[in-house]
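The opening position of the sequence shown corresponds to residue 1 in full-length UniProt numbering, with each subsequent residue numbered one higher.
I have placed the structure first, in the form of structure tokens, so that the comments after it can refer back to it.
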Amino acid sequence: MRQRLSSEPDRYRGRRRVPTPPRSRYAAAVTGAFVGAGMVAMGAGAFLPDAGSIPDATLAKVAESSQIAQNLADRDQNTQVASRNRAAREVAHSVEQQAADAWLLPVKGYRFVAPFGVVGDKLHPGIDLAAPEGSAVRAVHAGTVKVARWMGGYGYTVVIDHGDGLETMYGHQASLEVSEGQQVKAGDKIGLVGNSGLAYSPQLYLEIRSAGEAVDPIPFLEAKGVNIKLEVEAVYGGIDSAA
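Structure, rendered in structure tokens:
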């Protein structure tokens with residue numbers, strides 16, 4: 001016969017469960033919580049003023065303060081809009097000023113064929129740039145078209161007056177796309193490369209006159225940031241404009 005390992009009476013040695021309160025006590029606790037919350041809400045509501053009890057003068061001051069705040073907000077918004085518009089106008093003016101000051105190449109994809117200077121016993125007062133027929137001829141600088149017509153050996157020619165006694169001339173064009181008196185900007189298309197007049201192949205004749213005297217376009221334009229020999233315009237940050 002097996003002996004007991006303990007002299008204590010048999011009992012459950014596992015974990016003891018916490019006794020569950022009666023359902024009646026749980027219901028009472030929940031009900032009490034809801035009742036308490038309602039009392040708090042009622043008590044808080046007792047401190048809120050009735051809209052009908054607020055004096056008209058107080059309501060008028062509140063409305064006036066609200067209108068003042070709205071007016072200030074509207075004025076601030078209008079100030080911001082005006083500031084943005086002013087900034088936009090300043091940017092536009094800056095762009096226009098840069099366009100007015102710009103100097104560009106007269107044609108793209110050309111080949112330099114004849115320099116300025118004396119050839120034989122005659123002065124060649126400009127330079128010749130061979131380019132594919134029909135290539136766009138463009139104003140090198142902003143100005144007013146002084147001449148846009150046939151000019152004998154120069155063929156179809158455009159002369160642009162840039163002010164201060166400075167003029168540029170574009171000869172041997174196939175056709176003209178501007179009229180006399182027209183305002184142009186640097187880069188505006190004024191005609192097409194051709195071989196009109198005394199020219200035996202498509203080319204552009206470019207001449208620059210200062211105070212009525214022809215000047216070498218190469219150093220003149222180079223001082224403006226335009227390198228004819230390298231076909232580079234400063235406006236493009238030194239990048240080959242033909243690319």
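Even glycine gets a Cβ: it sits at the ideal position worked out from N, Cα and C.
Straight-line Cα distance separating residue j from residue i
i      : j      : result
GLY194 : GLY155 : 9 Å
PRO55  : GLN70  : 23 Å
GLU133 : VAL81  : 51 Å
SER175 : LEU192 : 6 Å
ARG138 : LEU204 : 11 Å
PRO202 : ARG111 : 11 Å
ASP216 : GLU222 : 10 Å
LYS61  : ARG84  : 35 Å
VAL119 : VAL107 : 24 Å
PRO219 : ASP121 : 23 Å
SER53  : ILE68  : 25 Å
VAL178 : ARG86  : 34 Å
LEU123 : ALA214 : 10 Å
THR168 : GLU231 : 18 Å
PRO125 : SER210 : 12 Å
SER65  : ALA73  : 12 Å
GLN77  : GLY163 : 44 Å
ARG75  : ILE190 : 49 Å
VAL159 : PRO115 : 20 Å
Cβ shell of residue i (< 8 Å), same chain only, five flanking positions each side left out
i      : result
ALA63  : none
GLY212 : GLY165
GLU180 : VAL145, LYS146, VAL147, ALA148, ARG149
GLY153 : GLY197, LEU198
ILE228 : LEU105, PHE112, ILE127, LEU129, PRO217, ILE218, LEU221, GLU222
Cβ shell of residue i (< 6 Å), same chain only, five flanking positions each side left out
i      : result
LYS224 : TRP103
MET151 : THR157
ALA142 : ALA100, LYS185, ALA186
Residue i, buried or exposed, once every other Cβ within 10 Å from all chains shown has been counted against 16
i           : result
ASP188      : buried
LEU129      : buried
GLU233      : buried
residue 244 : Lying before the first or after the last residue shown, residue 244 is absent from the chain, which here runs from 1 to 243.
GLY117      : exposed
VAL113      : exposed
ILE208      : buried
LEU105      : buried
THR79       : exposed
TYR170      : buried
Bridge partners - residue i, DSSP secondary structure assignment
i      : result
THR168 : ILE160, ILE208
ALA114 : ASP128
ASN78  : In the DSSP output, where bridge partners are listed per residue, ASN78 has none listed.
GLU143 : The amino acid occupying residue 143 in the given sequence is Gly; Glu does not appear at that position. Note: GLY143 sits in a beta bridge opposite VAL184.
SER175 : LEU192
GLN203 : ALA130, GLY194
LYS122 : VAL119
ARG149 : THR157
Any C-beta of chain C under 7 Å from that of residue i
i      : result
HIS124 : No chain C appears in the structure shown, which is made up of a single protein chain.
Presumed contact (8 Å Cβ cut-off) between residue i and residue j, rounded CB distance
i      : j      : result
LEU206 : ILE127 : 5 Å
SER196 : HIS172 : 6 Å
GLN182 : VAL145 : 5 Å
VAL147 : ALA186 : The Cβ separation is near 18 Å, so there is no contact.
Contacts around residue i, its chain only, beta-carbon distance under 7 Å, and the 5 residues preceding and following it disregarded
i      : result
ALA131 : VAL107, GLY109, TYR110, VAL193, PRO202, GLN203, LEU204
ASP161 : GLY143, THR144, LYS146, GLU167
Contact test: residue i Cβ vs the ligand FMN heavy atom, cutoff 6 Å
i     : result
LEU72 : Summarising the ligand content, the structure contains no ligands, and the ligand FMN is consequently not present.
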